[in-house]
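Residue numbers (this note's numbering): 20 to 283.
Backbone N, C-alpha and C define an ideal beta-carbon position, used for all residues, glycine too.
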C-alpha cells in the first residue's frame, strides 16, 4: 500500500477530529465514510485511527502509525477487528511507506484513546468474566481492559496503568450505583436466592463491582447498598473466581471479606 493510496483512502472516508483539548498531548483522529463530523467512539464499518501530536494534527501532513477498526454485531455481541499499520523509516525526501501490518484479533467494544496523554495510543476493550453466568446477555460482567501494542502484539497493561484504570473504573462504578439505586430497579436488585446458580441480576451486578473495585471500597459499597445476606456457597464462588480471573490479589483474597459477611 503506497502513501498516495493511504491518502486517497483518507480523502474518500473524510477526516474528523475527536479530542480538541489543549490539555491532551495527542489528538485521536478518525474517519467516517459518510463524511459526517462525529465522535471517534461512534464506530460504523471500517474506521481509521491515528494518535497525533498537537503540532501535527492532520494525518496528510506526513505518514503516521495508525489503526484500522472493523465493527460488526450489535449490543454485547459487538465484535471489533483490530489491525495495526506501522510507519516505515522516511526516505531522503521525508516520505515513508507502511513497514508492518499486524492483525491484532477480534475484541469487544474497542476504543482507541490516549489515556495518559503521552502521545501514544492505547486500546480499550471489554472481556467476559465469571459474573456473566448470572446475567442476561445485556447485563454486567464485561470488564474493561487497557492494552498497548508491544512487538506487534496486543498486551494487557491494565494494572500497569493503575491511575488511568482507576479513573475508568470509578466512572463506571458511579454510573452502576446510580442505576442500582433507581426506583425502577429496586425489585430487580433485591431478588436473591441462595440456590440460584444462573440468571441472578443482583449477583451479576455485584460481581462486576467487586471486579473493578478489588479492595475494601467494593466491599464497603456492598455493605452499604445490599438488600440480602450472601450465602456461603456464593461467597466462596465469587471470591475464588475473582482470584482466579486476576481481579483480586491473593493478599486481599486471603482476608475473605465476603465469606466473613456470610458467616455473620
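DSSP places residue 171 in the coil class of the three-state scheme, outside both helix and strand. Looking at the DSSP output, residue 222 sits in no beta bridge, so it has no partner there. When only Cα atoms are considered, residue 167 and residue 178 end up about 12 Å apart. Collapsing the DSSP output to three states places residue 267 in coil. The three-state secondary structure of residue 272, taken from DSSP, is helix. Comparing alpha carbon positions, the residue from 207, 263 and 193 closest to residue 232 is 193. Between residue 160 and residue 125, the CB-CB gap reaches or exceeds 9 Å. Between the segment 198 to 206 and the segment 127 to 136, the count of Cβ pairs shorter than 8 Å is below three; the stretches do not touch. Shown here, residue 86 sits in a strand according to DSSP, grouped into three states. Around the beta carbon of residue 148, a 10 Å sphere encloses 16 or more other beta carbons of the protein chains shown; the residue is thus reported as buried. Beta-bridge analysis with DSSP links residue 146 to 162. According to the DSSP secondary-structure assignment, residue 238 is paired through a beta bridge with no residue.
If you draw a straight line from the Cα of residue 223 to the Cα of residue 154, it is about 5 Å long.
Note on residue 183: 16 or more other CB atoms within 10 angstroms of its CB, so buried under the neighbour-count rule.
Taking the C-beta atoms as reference points, residue 68 is found no nearer than 9 Å to residue 119. For the pair residue 256 and residue 242, the Cα-to-Cα distance works out to about 18 Å. Judged by their CB atoms, residue 240 and residue 221 are not nearer to each other than the 9 Å cut-off. The beta carbon of residue 165 is closer than 8 Å to those of 134, 141, 142, 143, 175, 176, 177, 180, 183, 184 and 187 in its chain, skipping five residues each way along the sequence.
Note on geometry: alpha-carbon atoms of residue 274 and residue 268 lie some 10 Å from one another.
With contacts defined as CB atoms closer than 9 Å, residue 229 and residue 280 fail to qualify as a contacting pair.
The continuous beta strand (DSSP E) containing residue 106 extends over residues 98 to 106. Assignment of residue 128 by DSSP, reduced to helix, strand and coil, places it in the strand class. In the structure shown, residue 245 adopts coil according to DSSP, grouped into three states. Residue pairing from DSSP leaves residue 207 without any beta-bridge partner. In this structure, residue 162 sits away from residue 272, with a CB-CB distance that is not shorter than 9 Å. In this structure, 248 is the residue among 238, 248 and 197 with its C-alpha nearest to the C-alpha of residue 209.
Distance from the CA atom of residue 191 to the CA atom of residue 234, rounded to whole angstroms, is 16 Å.
Between the alpha carbons of residue 213 and residue 89 lies a gap of roughly 42 Å.
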